[in-house]
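The next block holds one structure in the form of structure tokens; read it before the comments.
In our numbering, the protein residues as written are -18 to 160.
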């Protein structure tokens, strides 16, 4: 399909403390691939090579591409490592290039809300990109702690709320389900 094939593109935000934000965005990418649409996914604060979504998304090429902008470790919210800042900024640079070239139908900025909340990326720049995105491109932002200016500009905001989770019973992340 040609760029802008979805018609008017909107800004979607998946936030909150519940499970399913990245999963919802990946589901959208799978659906889009089924219709011949192109999705680019940039994962901020993620650098784990054993995430199942990496292998799964690679099977959807050339319709879906995924890029990671993070390390194989957790980011210290109070004192981010300079390498975390550098990788987030590299991912943001790539995201801006992908958005401005207009070749993707959908761009998923996975965990960008967290990257902004942790101070790795400036909220003002994110809002500016959202305001100036190509009109036929869908942008999907995920992660806890969506900044209010992002929520304000978004067309759709879904807040995932944890009601009950088996992690509380000591269940670790399972291959193929949580990772």
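Don't be surprised by glycine CBs; every beta carbon is placed ideally from N, CA and C.
Beta bridge counterpart(s) of residue i as assigned by DSSP
i          : result
residue 91 : 24
residue -5 : 123, 139
Residue i vs residue j beta-carbon contact at 9 Å
i           : j           : result
residue -3  : residue 25  : no
residue 19  : residue 55  : no
residue 48  : residue 21  : yes
residue 65  : residue 99  : yes
residue 46  : residue 7   : no
residue 170 : residue 90  : Past the boundaries of the shown model lies residue 170; the chain is included only from -18 to 160, so the question cannot be answered.
residue 76  : residue 110 : yes
Coarse secondary structure for residue i, derived from DSSP in three states
i           : result
residue 127 : coil
residue 11  : helix
residue 54  : coil
residue 46  : strand
residue 33  : helix
residue 72  : helix
residue 122 : strand
residue 115 : coil
Residue i versus the options, residue with shortest Cα-Cα distance
i           : options     : result
residue 96  : 6, -14, 67  : 67
residue 114 : 86, 36, 139 : 86
At least 3 beta-carbon pairs within less than 8 Å: the stretch 128 to 145 vs the stretch -5 to 15: yes
Segment contact flag, the stretch 113 to 120 with the stretch 137 to 154, C-beta cutoff 8 Å, min 3 pairs: no
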